[in-house]
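Our numbering puts the first residue of the sequence shown at 1, with every later residue one more than the last. Working notes for the structure below.
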Amino acid sequence: MADIDINALILSEHEVFRRDFDNLEQLSGTDELRAAWQALADQLEVHASGEEAVFYPHVVREAGDVEDTKHALQDHNEIREAAQAVDQHEVGSDDWWAAVRRAREVNGEHMEEEEREILPSFRDSVGTERRTELGMEWLQFHDEHERAKGLSGDAKDPEAYVQEQEQEPA
Ligand SMILES: [Fe+2]
Ligand SMILES: [Fe+2]
Numbered sequence: 001m002a003d004i005d006i007n008a009l010i011l012s013e014h015e016v017f018r019r020d021f022d023n024l025e026q027l028s029g030t031d032e033l034r035a036a037w038q039a040l041a042d043q044l045e046v047h048a049s050g051e052e053a054v055f056y057p058h059v060v061r062e063a064g065d066v067e068d069t070k071h072a073l074q075d076h077n078e079i080r081e082a083a084q085a086v087d088q089h090e091v092g093s094d095d096w097w098a099a100v101r102r103a104r105e106v107n108g109e110h111m112e113e114e115e116r117e118i119l120p121s122f123r124d125s126v127g128t129e130r131r132t133e134l135g136m137e138w139l140q141f142h143d144e145h146e147r148a149k150g151l152s153g154d155a156k157d158p159e160a161y162v163q164e165q166e167q168e169p170a
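Right, here's the structure in full:
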């Protein structure tokens, strides 16, 4: 059976982002670039929203990492902003590439922080069975929001988000 521990699923999606940003650099045709970027931008939104729906509520309630969660939400908002900035430029232009690389950079730094601090701390505080349950929810979230369907892409207020999670039962 595939590993559906939520930690493993998040990590493997991070690897997909690294590969997809690399692959984008190999493309040149405008239509190809537009389509590849759109797919990648949609996936970035599904990933951030998926973490906010299925992972970070438990980082707050079960791992107690409140400050890390606020910081992660800020990062997600920055990634959203950087991804939306790409669409202000003509596909394939120098400015477009600069905006793509900026999105790659902010996303890369955020993924490294999750991998270095948040995911290991989560694994230490939350057992395998629970992480597998959350992995199922993560997969379901992806099914429901394929190509960012139903997701606004709007920024979320980190303070309000954390307060909301603290009020919910674990
Ligand atoms: Fe994240
Ligand atoms: Fe992530």
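The beta carbon of each residue, even a glycine, is placed where N, CA and C say it ideally should be.
Within a Cβ cutoff of 8 Å, which residues of the same chain sit near residue i, ignoring the five residues on either side of it in sequence?
i      : result
Glu-67 : none
Quick one: grab the DSSP three-state call for residue i.
i       : result
Glu-168 : coil
Asp-22  : helix
Leu-11  : helix
Leu-27  : coil
Ser-49  : helix
Val-16  : helix
Ile-6   : helix
Keeping to the same chain, check which residues put their C-beta closer than 6 Å to that of residue i; ignore five residues upstream and five downstream.
i       : result
Phe-141 : Gly-50, Ala-53, Val-54
Leu-9   : Gly-135, Trp-138
Skipping 5 residues on each side, what residues in its chain have a beta carbon closer than 7 Å to that of residue i?
i       : result
His-89  : Asp-95, Trp-96, Ala-99
Val-162 : Val-60, Val-66, Thr-69, Lys-70
Phe-122 : Asn-7, Val-59, Ala-63
Exposed or buried, residue i, counting other C-beta atoms within 10 Å across all chains shown (16 or more means buried)?
i       : result
Met-136 : exposed
Gln-43  : buried
Val-126 : buried
Val-46  : buried
Pro-57  : buried
Glu-213 : Absent from the structure is residue 213, since the part of the chain shown begins at 1 and ends at 170.
Ala-35  : exposed
Ignoring anything shorter than 4 residues, give me the alpha helix (DSSP H) runs that lie fully in the region 54-109, in order along the chain. Listed in chain order, they are 56-61, 66-86.
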